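What follows is a single structure, written as structure tokens, with notes after it.
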Amino acid sequence: MSSKALDYESLNENVKKVQYAVRGELYLRASELEKEGKKIIFTNVGNPHALGQKPLTFPRQVVALCQAPFLLDDSNVSLLFPADAIARAKHYLSYTSGGLGAYSDSRGLLEIRKEVADFIGRRDGYPSDPELIYLTDGASKGVMQLLNAIIRGQGDGILVPVPQYPLYSAAIALFGGSFVPYYLEETANWGLSAADLGQSVAQARAKGITVRAMVIINPGNPTGQCLSEANLRDILQFCYQENLVLLGDEVYQQNIYQDERPFISAKKVLMDMGGPISRELQLVSFHTVSKGYWGECGQRGGYFEMTNIPSRSVEEIYKVASISLSPNVPAQIFMGLMVNPPKPGDISYDQFVRESKGILESLRRRARIMTDGFNSCMNVVCNFTEGAMYSFPQIRLPPRAIEDAKKAGKAADVFYCLKLLEATGISTVPGSGFGQKEGVFHLRTTILPAEEDMLEIMESFKKFNNEFMEQYEDHPGYPRM
Amino acid sequence: MRRFVSEGAKSLSLVSRPFLHRFEELLHLRFLSSTSVLDCPLSSSPSSSPMDPTPLTVDTINPKVLKCEYAVRGEVVTIAQRLQQELKDKPGSHPFDEILYCNIGNPQSLGQQPITFFREVLALCDHPSLLDKSETSGLFSADSIDRAWQILDQIPGRATGAYSHSQGVKGLRDAIASGIEARDGYPADPDDIFLTDGASPAVHMMMQLLTRSESDGILCPIPQYPLYSASIALHGGTLVPYYLDEANGWGLEVSELKKQLDAAKSKGVSVRALVVINPGNPTGQVLSEENQRQIVEFCKKEGLVLLADEVYQENIYAPEKQFHSFKKVARSMGYGEEDISLVSFQSVSKGYYGECGKRGGYMEVTGFAANIREQIYKVASVNLCSNISGQILASLVMNPPKANESYESYYAERDGILSSLARRAKILEDAFNSLEGVSCNKAEGAMYLFPRIRLPEKAIKAAEAANTVPDAFYCKHLLNATGVVVVPGSGFGQVPGTWHFRCTILPQEDKIPAVASRLTEFHKGFMDEFRD
């Protein structure tokens, strides 16, 4: 008998290189412990509904009606569903040829793309073309499609912020490209500088890498910082002069917890700049139904909008999208509802606003509780979560802890996070999963646990952290960082 | 444009030579117009000249993207969409009232109704607070409410909006494994199941794992569903074709497999896997158990991963045929995890449920070492999980109602759809066989007919003059005359010099006579025009 057809040696090397810490070692260990009966608080992934956030009522009503259109023929349907949900469902069904069960256009239903275009137009003050908006099964699939189109081989590099959401490093590895890091400066509120960018690019080019694109995550993940208009102008200018495609991951645009830097889309800034750059700089922007105050991760709904991408390239991107036939239709409807929510005067408007505001205001409070909680620890420094859903505290680990970690064959932050998990059930992701400067350790947690549980969770963390430091610190009453 | 390894006295290629030649010309022109220093775009590592202007243009796009093709939503369909718009803007501007999309296996877009029980359950899972209201029992059947409770109990917090485990919700995988076991009579492990957004992403995942370079080959049937050729191209591998025998009901001969395998090996291709589509697409044949045993034996002996596309397992029309999963066949031969690496793909898009738009499906992965399984899990985890509603639907498809209140209505709906499909398959098959120079094998299963058309020399010359592949030429004429959209056989692969097209059997039964007569009338006119 021949040896196994697919063994580890003959596996695609690119697959082996992929790392995705968000569902890596810590998560797997947490899942094991949960099976053994331990209570786990999963703060490893931005998954609001898993931590008790309720879905918004209106979209669920609309999609349920679309799912079972025979309900619309029942005279008793108004006992269970408000009139505006019924009307919306009928409306969406009329856009389809065959309801939710038919493949749509490979780009997504045209009417929903128009709703997205209208949303973008209202948000930015510039028109958007529905034909350049592609709905996808989650924003991640869109990111992968674009990176796959851009990366020809190892000689192609993609500029990615460090720390980053590891979808980017994973996708680049999978497609055989080169990861070109640019470092965000923790002491400057995770800011970036054009000088830094320039240096990263120069270093890459010196190695013979052709830098093809730049990723920005705004608001940042895991870092949460919101880019200013000036930042965005610098970035756009930089990409223009270096001939890079800008990939704008804007999935957290509705998660903003401070008022100094509201969200501005890369597209708006680009259009505001006018002139040749606004007509030539290639930009792809990503959004999703998974975040914001919707948190509908399980639906897998997202879109990307292309700006200044040549039509021949768009055709190729369309072709690849067509191989998967179509994005899932229920999520398309969620997207339509997200960009075109109930308006003042609609029956469901008050409830919708109440639910949405409730979630956003609570997230803002939780961002504060968590940041303050981390900062109250002597060995922890934590930038404020300006946006997104995460807290990314820096943890100073004593040399003996780092030693023990090495002995256990683990990175120091993995070691710390595993101990945290075993002691408290809090499942985080070590900073090494996102990238960080050498010798500096972080962990990423979400701000998503229920508000009423937050203080207890922070107390639990502090207790563990104190005990850890007592165990490993050489001088009791360890000095502040 | 080397797509295929196999060459012989007849050069075997997906498209005819004139078309291929033109494509190569186009590539050449692109080189000349490009100002940047580029290697041949077909190489996998381009020259890394740091000062390349590198915005995303067709000159700098990943060449694998350029190379892949997918005719199901290709050129003919684009023309159809334009005609449809023209009909809307100017009714009466064409000799037909509507465009009939027979290019794609998309049953509900052509009037097939979803299974009521499935939709009831899905609606309740989409909006679980319905279950807390007393009025709900007035609008939903009792057992759909029961089933929804059962499902929601498997999902932590009843949160259908949360990312699940990256392989899919455990409880749903348990249900699917039970369903597989009930179907096959052999145990299935829920941890072998990876729920995906339709079967297609699962196919891509396997191609990604298996393809290291252009030297890695995957054996694919010709004709094939072009997801396979597209996926192999996208991942930079080599498609190794094996020919199904049209003269013998699209039969699959192991001797042909062996011949192609050896030819590929002699060219330095490392053949990694064998794709079998059963029931076949576009060909519709259902393999005999004996045939399947030979295939299993072949894969075991040659050390190939068996990739079994079984998405049409519930579409069987030939009364003498039955679906047997490859897993069942392998197990019945006494082969277990140590003997054969097997991946089975299933989907919610086909069968009698036809829920294409939901994007639900799974692959069942057996016979792989633990360290490979970890890698598969890792790749799945990057996308976090597939859509939950699709996962729920997959569990319903694999675990439909048995003896309870909804069973009768469920069974009536199911039987109605399946028997209608069988009737439509027969009517269209007979219609095609009645056309001059056309022969059409029976559709034993799946959703398609793949008639062979013998095009007169005059037509072939006219096609060449129009810079079109002859079967695409025929299909475009067909579209312009009747509004019926079919896919040229060149999109699936065929023996060179033969021409086919794929037509679905999906238009509603009351439309079928009109479709048949329109096609008949068109064909007569076409032959009158081009007969030698």
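Residue numbers (our numbering), protein chains in the order written: chain A, 242 to 722; chain B, 2 to 533.
From the three backbone atoms N, C-alpha and C, an ideal C-beta is built for every residue, glycine too.
Since we're looking at a predicted model, the values are computed, not measured.
Within-7 Å CB hit, residue i to chain B
i                  : result
Arg-301 of chain A : yes
Arg-520 of chain A : no
Tyr-206 of chain A : Any property of residue 206 of chain A remains undetermined from this structure, which presents chain A solely from 242 to 722.
Val-304 of chain A : yes
Leu-269 of chain A : no
Phe-404 of chain A : In the sequence as presented, Phe is not what sits at residue 404 of chain A; that position holds Pro. Not an interface residue.
Ile-392 of chain A : yes
Integer Cβ distance of residue i from residue j, believed to fall under 8 Å
i                  : j                  : result
Val-516 of chain B : Pro-508 of chain B : 6 Å
Ile-392 of chain A : Gly-418 of chain A : 4 Å
Cys-386 of chain B : Ala-231 of chain B : Incorrect: roughly 24 Å between the Cβ atoms, too far for contact.
Leu-351 of chain A : Pro-368 of chain A : Rounded, the Cβ-Cβ distance is 16 Å, inconsistent with contact.
Phe-369 of chain B : Leu-247 of chain A : 6 Å
Cys-467 of chain A : Arg-520 of chain A : Not quite, the Cβ-Cβ distance comes to about 27 Å (not below 8 Å), so this is no contact.
Lys-426 of chain B : Ile-506 of chain B : Residue identity differs from the one stated: residue 426 of chain B is Ala in this sequence, not Lys. Confirmed, about 5 Å.
Val-568 of chain B : Ile-219 of chain B : Because chain B here runs from 2 to 533, residue 568 of chain B falls outside it and cannot be looked at.
Ile-327 of chain A : Leu-341 of chain A : About 16 Å separates the two Cβ atoms, so there is no contact after all.
Between the CA atoms of residue j and residue i - distance to the nearest angstrom
i                  : j                  : result
Phe-502 of chain B : Pro-585 of chain A : 53 Å
Leu-228 of chain B : Ser-201 of chain B : 7 Å
His-450 of chain B : Asn-282 of chain B : According to the sequence shown, residue 450 of chain B is Leu rather than His. Distance between the alpha carbons of Leu-450 of chain B and Asn-282 of chain B is about 9 Å.
Tyr-318 of chain B : Val-270 of chain B : 38 Å
Asp-40 of chain B  : Pro-64 of chain B  : Because the pLDDT at Asp-40 of chain B is just 27, under 50, the model does not fix this residue reliably, and the point stays unresolved.
Pro-188 of chain B : Glu-182 of chain B : 5 Å
Phe-324 of chain B : Gly-498 of chain B : 33 Å
Pro-571 of chain A : Glu-596 of chain A : 21 Å
Pro-300 of chain A : Ser-531 of chain A : 13 Å
Gly-180 of chain B : Tyr-344 of chain A : 26 Å
Asn-405 of chain B : Glu-291 of chain B : 37 Å
Pro-191 of chain B : Asp-175 of chain B : 5 Å
Gln-478 of chain A : Thr-548 of chain A : 15 Å
Gln-444 of chain A : Pro-422 of chain A : 10 Å
Asp-533 of chain B : Lys-477 of chain B : 20 Å
7 Å Cβ cutoff, residue i in contact with chain A
i                  : result
Leu-57 of chain B  : yes
Cys-103 of chain B : no
Tyr-412 of chain B : no
Asp-192 of chain B : no
Arg-332 of chain B : no
Thr-521 of chain B : no
Asp-175 of chain B : no
Leu-436 of chain B : no
Val-485 of chain B : no
Thr-284 of chain B : no
Gly-304 of chain B : yes
Ala-608 of chain B : This structure cannot settle anything about residue 608 of chain B, because the visible part of chain B is limited to 2 through 533.
Gln-376 of chain B : yes
Asn-384 of chain B : yes
Gly-160 of chain B : What sits at residue 160 of chain B in the sequence shown is Ala, not Gly. With 7 Å as the cut-off, Ala-160 of chain B counts as an interface residue toward chain A.
Tyr-243 of chain B : no
Ala-163 of chain B : yes
Closer than 7 Å to chain D by CB, residue i
i                  : result
Tyr-590 of chain A : Considering every chain present, this structure includes no chain D. Its protein chains are A and B.
Contact between the stretch 557 to 572 of chain A and the stretch 414 to 422 of chain A: three or more CB pairs below 8 Å? Counting Cβ pairs under 8 Å, fewer than three are found: no touch.
Listed from N- to C-terminal order along the chain, which residues in the stretch 355 to 382 of chain A have their beta-carbon within a distance smaller than 8 Å of any beta-carbon of chain B? So the close ones are Asp-378, Gly-379, Ser-381, Lys-382.
Which residues, taken in chain order from the stretch 120 to 154 of chain B, show a beta carbon closer than 7 Å to some beta carbon of chain A? The residues in question are Arg-120, Glu-121, Leu-123, Ala-124, Asp-127, His-128, Leu-131, Lys-134, Glu-136, Thr-137, Gly-139, Leu-140.
Is the stretch 115 to 122 of chain B touching the stretch 345 to 360 of chain B in the sense that three or more CB pairs, one from each, lie closer than 8 Å? Using a C-beta cut-off of 8 Å, the stretch 345 to 360 of chain B makes contact with the stretch 115 to 122 of chain B, since at least three inter-stretch Cβ pairs fall below that distance.
For the stretch 494 to 508 of chain B, list every residue whose C-beta sits within 7 Å of some C-beta in chain A, in sequence order. Within the stretch 494 to 508 of chain B, no residue qualifies.
Any contact between the stretch 69 to 85 of chain B and the stretch 378 to 396 of chain B? By contact I mean 3 or more CB pairs, one from each, below 8 Å. Segments in contact, no.
Determine which residues of the stretch 355 to 368 of chain B have a Cβ less than 7 Å from any Cβ of chain A, and write them out in chain order. Using a CB distance below 7 Å, the part of the stretch 355 to 368 of chain B facing chain A consists of Gly-355, Glu-356, Cys-357, Gly-358, Lys-359, Arg-360, ordered along the chain.
For the stretch 312 to 340 of chain A, which residues have a beta carbon sitting closer than 8 Å to at least one beta carbon of chain B? Correct list: Leu-312, Asp-315, Asn-317, Val-318, Leu-320, Leu-321, Thr-337, Ser-338, Gly-339, Gly-340.
Looking at C-beta atoms only, is the number of pairs between the stretch 484 to 501 of chain A and the stretch 522 to 538 of chain A that lie closer than 8 Å three or more? A contact is defined here as three or more CB-CB pairs under 8 Å, and the stretch 484 to 501 of chain A meets this definition with respect to the stretch 522 to 538 of chain A.
With 9 Å as the limit, tell me which residues of the stretch 246 to 265 of chain A have their beta carbon closer than that to any beta carbon of chain B; keep them in chain order. Residues passing the 9 Å Cβ filter: Ala-246, Leu-247, Asp-248, Tyr-249, Ser-251, Leu-252, Asn-253, Glu-254, Asn-255, Val-256, Lys-257, Val-259, Gln-260, Tyr-261, Val-263, Arg-264, Gly-265.
Can you find at least 3 beta carbon pairs, one from the stretch 264 to 278 of chain A and one from the stretch 648 to 666 of chain A, that sit closer than 8 Å? Between the stretch 264 to 278 of chain A and the stretch 648 to 666 of chain A, the count of C-beta pairs closer than 8 Å reaches three or more; the two stretches touch.
Assess, as a yes-or-no matter, whether the stretch 482 to 491 of chain B is touched by the stretch 96 to 113 of chain B under the definition of 3 or more beta carbon pairs within less than 8 Å. Output reads yes: the stretch 482 to 491 of chain B touches the stretch 96 to 113 of chain B.
Any C-beta of chain B within less than 7 Å: which residues of the stretch 547 to 563 of chain A qualify? Of all residues in the stretch 547 to 563 of chain A, those with a C-beta nearer than 7 Å to a C-beta of chain B are Ile-550, Pro-551, Arg-553, Ser-554, Glu-557, Lys-560, Val-561, Ser-563, reading in chain order.
Note down, in chain order, all residues in the stretch 567 to 596 of chain A with a beta-carbon under 8 Å from any beta-carbon belonging to chain B. Taking 8 Å as the Cβ-Cβ cut-off against chain B, the residues of the stretch 567 to 596 of chain A that qualify are Ser-567, Pro-568, Asn-569, Val-570, Pro-571, Ala-572.
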